[in-house]
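If you're matching positions, the sequence shown starts at 531 in the numbering used here and goes up one per residue. Beta carbons: idealized from backbone N, C-alpha and C, even for Gly. See below for the structure under consideration.
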Amino acid sequence: MTEFLDKWILKPELLAGWLQALAAIIALAISAWAVVWSSASSRRRDRLEPRGLAVAVFPEILMLKVSVQQVRDCLVEFKQRYSGLVGQSIAAELQGKASIAIPPMLDRNIDKLFLLGDLAGPSCLHLVRLIMQYNDTVGRMAAFFVTLNAEQWVEAVGQLDAHLELLDQVIAKCEHEVLKIHDAIKG
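Right, dumping it as structure tokens:
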């Protein structure tokens, strides 16, 4: 055995080649380990990201129900308080009181909502889109109120109730779908 080592491995002219081959094998092993580790890390991130997103947006979805109810209450009070005034007098205030802000985590992560899956992702995107459409409708109504008399705008404000009802339905659906992901985290 020592003769084999002396003749084939430990020869000075072959030793550099053997060391280079050993270094190449070690480098190959390290690179293979890095690829496996990176792949595992990527899979873990892909698995955790939707959960983190669900935890971030779920409380805001719950708060949207409160916001919609507050807008409803404001509209009832609004009709009672200003029922005798012409539309010009109340248009700007209507827009300020009836608008619903998109919750910050939904707005900030709008491009990641698809990660919530086939049901929750589209539901949350639909919710954000519906809030935008509702606010646009409120803005257009406020601009239109300038031309209405005292009886006409009260009736027109009633149309916002239908939009709020639809918004409630979408919030409930979104809450139900995100709740599944949220509860799966709690175990």
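Expected contact under 8 Å - CB spacing of residue i and residue j to nearest Å
i, j, result
"C654", "V585", "Not really, about 13 Å apart at Cβ, beyond 8 Å."
"L528", "I701", "No statement about residue 528 is possible, as the shown extent of the chain runs from 531 to 717 and does not include it."
"V687", "K609", "6 Å"
"L660", "G617", "L660 to G617, Cβ: 26 Å. No contact."
"L485", "N639", "Absent from the model: residue 485. The displayed extent of the chain is 531 to 717, so no value can be given."
Span separating the alpha-carbon of residue i from that of residue j
i, j, result
"E707", "V601", "24 Å"
"V684", "L578", "49 Å"
"A635", "S561", "Residue identity check: residue 635 is Met in the sequence provided, not Ala. Approximately 38 Å between the Cα atoms of the pair."
"I591", "V565", "39 Å"
"D637", "K703", "18 Å"
"K710", "P652", "15 Å"
"R573", "L646", "15 Å"
"L615", "A714", "52 Å"
"A546", "I556", "15 Å"
"D666", "P589", "25 Å"
"M671", "S619", "14 Å"
Coil, strand or helix - residue i by DSSP
i, result
"P633", "coil"
"S613", "coil"
"V566", "helix"
Proximity test, Cβ basis, 8 Å: residue i and chain B
i, result
"V687", "Looking for chain B here will not work: only one protein chain is present."
Residues of its chain near residue i, where Cβ-Cβ distance is below 8 Å and the 5 sequence neighbours each way are ignored
i, result
"S613", "A680, V684"
"V668", "L624, Q625, A628, S629, L690"
"A673", "A621"
"Q682", "G617"
"E607", "none"
"P580", "L645, L646, G647, I711"
Residues of its chain near residue i, where Cβ-Cβ distance is below 7 Å and the 5 sequence neighbours each way are ignored
i, result
"Y664", "I630, H693, L697"
"F644", "G651"
"E705", "I591, L592"
"D641", "none"
Residues near residue i by beta carbon distance below 6 Å, same chain, minus five either side
i, result
"C604", "K627"
"S597", "I630"
* Asked: In chain order, which continuous runs of the alpha helix (DSSP H) of length 4 or greater are located wholly inside the stretch 630 to 681?
  -> 634 to 638, 647 to 675
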